[in-house]
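As structure tokens, the structure follows; a few thoughts come after it.
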Amino acid sequence: MLRNGKADYQGKENVSVMLEFFPAEVLRDSPKPRIYNTHFTPQGLPKQAFDRKCKILFLQRNPKDVLVSALPFLQGHKFLDSTIKWDEFICKYMEFEVESSLLNWFYYTRQWFEFLKEGHDKFYSLAYEDLKDNPVREITKLAKFLKVGENSDLFKNIAVKCRFKNLKQAVTSKVETYPINNKEAAMKITNLTYRKGEVGDWKNYFTVAVNEKFDALYAKKMTGIDFKYRYSI
Numbered sequence: 001m002l003r004n005g006k007a008d009y010q011g012k013e014n015v016s017v018m019l020e021f022f023p024a025e026v027l028r029d030s031p032k033p034r035i036y037n038t039h040f041t042p043q044g045l046p047k048q049a050f051d052r053k054c055k056i057l058f059l060q061r062n063p064k065d066v067l068v069s070a071l072p073f074l075q076g077h078k079f080l081d082s083t084i085k086w087d088e089f090i091c092k093y094m095e096f097e098v099e100s101s102l103l104n105w106f107y108y109t110r111q112w113f114e115f116l117k118e119g120h121d122k123f124y125s126l127a128y129e130d131l132k133d134n135p136v137r138e139i140t141k142l143a144k145f146l147k148v149g150e151n152s153d154l155f156k157n158i159a160v161k162c163r164f165k166n167l168k169q170a171v172t173s174k175v176e177t178y179p180i181n182n183k184e185a186a187m188k189i190t191n192l193t194y195r196k197g198e199v200g201d202w203k204n205y206f207t208v209a210v211n212e213k214f215d216a217l218y219a220k221k222m223t224g225i226d227f228k229y230r231y232s233i
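In full-length UniProt numbering, the protein residues as written are 1 to 233.
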């Protein structure tokens, strides 16, 4: 929307341009300038992303809400058994040590923060909670990074279009754009990806004891990381 100067949804759903989901020949069909999504760490990105000085946006969300959404997502995609309950999942997760960008939030996030410390002028970090709290402000800052010009009316319209409810409705209407010949599977991916979009839903799942244990684990795993996550707005 910022690139095109219009608060119009793009023709294809964002999942259809995930680097890890589809082969290069499919992704190259996207019109230039291309916008891709990924869960890769910096080390997993194509070398061309740095050689060509592509702009990289790092969108974060607080880890507690991430994990609450992760369980149904992982179960829906058959990464985890559907019978696993939240209490069992969170306890096992806090003992998880595998270096995986999809399955280990601590590993994934540290990789990006270490990359950020190196200093990259084409890199921009933004937080989901800030976007929810004050979307126009965050869109304005993003527009400055992208050098697309100031347009307050456009930014307000984009904020409305990108409200979670509106965005999910728009995405649902575009399942036929997925590069897979299975509309039912495409709809399933959409529902798993766009769940609630709430900030603070973790409070309905974390017990006091689990929350204290997680905070201690966070302090240990994220030593040296100064970023402060917002767990409510």
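Every residue gets a Cβ at the ideal spot worked out from N, C-alpha and C, and that includes glycine.
If you follow the alpha helix (DSSP H) that residue i is part of, which residue opens it and which one closes it?
i           : result
residue 93  : 86-93
residue 211 : 208-221
residue 64  : 63-76
residue 51  : 48-51
residue 45  : Where residue 45 is concerned, there is no enclosing alpha helix (DSSP H), given that its DSSP letter is neither H nor E.
residue 2   : Looking at the DSSP string, residue 2 is not in any alpha helix (DSSP H), and its letter there is neither H nor E.
residue 26  : 24-27
Between which two residues does the beta strand (DSSP E) carrying residue i extend?
i           : result
residue 124 : 123-127
Pull up the DSSP beta-bridge partners for residue i, would you.
i          : result
residue 56 : 123
residue 18 : 37
Drop a sphere of 10 angstroms on the beta-carbon of residue i, count the other beta-carbons inside from all chains shown, and report buried for 16 or more, exposed for fewer.
i           : result
residue 90  : buried
residue 63  : buried
residue 69  : buried
residue 129 : buried
residue 109 : buried
Keeping to the same chain, check which residues put their C-beta closer than 7 Å to that of residue i; ignore five residues upstream and five downstream.
i           : result
residue 36  : 17, 19, 27
residue 164 : 197
Apart from the five residues just before and just after residue i, which ones in its own chain have a Cβ nearer than 8 Å to its Cβ?
i           : result
residue 111 : 41, 42, 43, 101
residue 126 : 57, 58, 59, 60, 138, 141, 142
residue 33  : 3
Going by beta carbon distance, what residues of the same chain come within less than 6 Å of residue i, once the five residues before and after it are set aside?
i           : result
residue 106 : 221
Please give the ranges of any beta strand (DSSP E) in the stretch 96-177, keeping only runs that are unbroken, at least 3 residues long and fully inside the region.
123-127
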